[in-house]
Amino acid sequence: MDIEPGELTVGQLADRSGVAISALHFYERQNLIISRRTSGNQRRYKRDTLRRVALIRIAQRVGIPLAEVAGILALLPGNRTPTRQDWEHISERWQAELDRRIVQLEQLRDDFKDCVGCGCLSLDRCGLANPYDVLARKGSGPQRLMDDSGNPCHPSACASSAELSTGVECG
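Numbers given in the numbering used here equal positions in the sequence shown, counted from 1, plus 1.
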């Protein structure tokens with residue numbers, strides 16, 4: 002069977018990770034995971050590939066593009082088994098991006114039912130939150146939901162940049 006201790010076949014990796022074999026082949030084509038080939042051209046994966054696949058699945062669940070995942074996995078030197086320190090380093094690299102995504106998800110959860118911050122004036126509330134479309138002067142996009150730097154924020158946290166000349170605070 003040409004399997005070394007600590008290695009998994011593609012079927013075993015699929016079973017253990019909960020990922021379809023076709024997805025594992027795709028991850029390999031994208032250089033997210035690697036295998037060695039046996040004399041019969043069958044794939045064999047090191048057991049730590051399970052950790053990589055778990056990271057890929059978690060990242061996909063929160064909407065992180067595979068290209069970014071590949072960049073992070075490239076930080077793991079020499080395809081060796083990642084250490085706790087390696088995972089901490091990866092976590093630190095993603096912290097700001099995950100925080101930004103959390104803010105965006107909270108905005109969607111909390112504000113979407115009332116307003117998406119576009120300045121369209123199509124909802125009754127828009128006449129109060131953005132009378133005469135004054136936010137259009139700040140630029141394109143959902144100005145009620147961005148701070149002065151263009152980063153996402155809650156309307157209550159962006160009150161200084163989204164407060165209108167009428168004195169009505171957004172949100």
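Backbone N, C-alpha and C fix where the C-beta goes; we use that ideal spot for every residue, glycine too. Here the structure is a predicted model, which means the values were calculated and not measured.
In this structure, DSSP gives residue 9 an extended state, which the three-state scheme calls strand.
The three-state reading of DSSP puts residue 48 in coil, since its state is none of H, G, I, E or B. The three-state secondary structure of residue 132, taken from DSSP, is helix. A straight line joining the alpha-carbon of residue 54 with that of residue 15 spans about 10 Å. Excluding residues up to 5 positions away in sequence, 31, 32 and 33 lie with their Cβ nearer than 8 Å to the Cβ of residue 71 in the same chain. Closest option to residue 99, judged by alpha-carbon separation, among 85, 60 and 132: 60.
Secondary structure note for residue 23: its alpha helix (DSSP H) is the uninterrupted segment 22–30. Rounded to the nearest whole angstrom, the CA to CA distance from residue 50 to residue 39 is 17 Å.
Across the structure, residue 147 and residue 90 are spaced so that their CA atoms are roughly 29 Å apart.
About 7 Å separates the CB atoms of residue 64 and residue 102; that is less than 8 Å, so the two are in contact. Following the DSSP letters along the chain, one finds residue 77 in no alpha helix (DSSP H), marked with neither H nor E. Residue 45 is positioned such that its CB atom lies closer than 7 Å to that of residue 37. Around the CB of residue 145, 16 or more other CB atoms lie within 10 Å, so the residue is classed as buried. When DSSP reads this structure, residue 153 sits in a beta bridge with 147. Around residue 104, the same chain offers 153 as residues with beta carbons nearer than 6 Å, after the five sequence neighbours per side are excluded.
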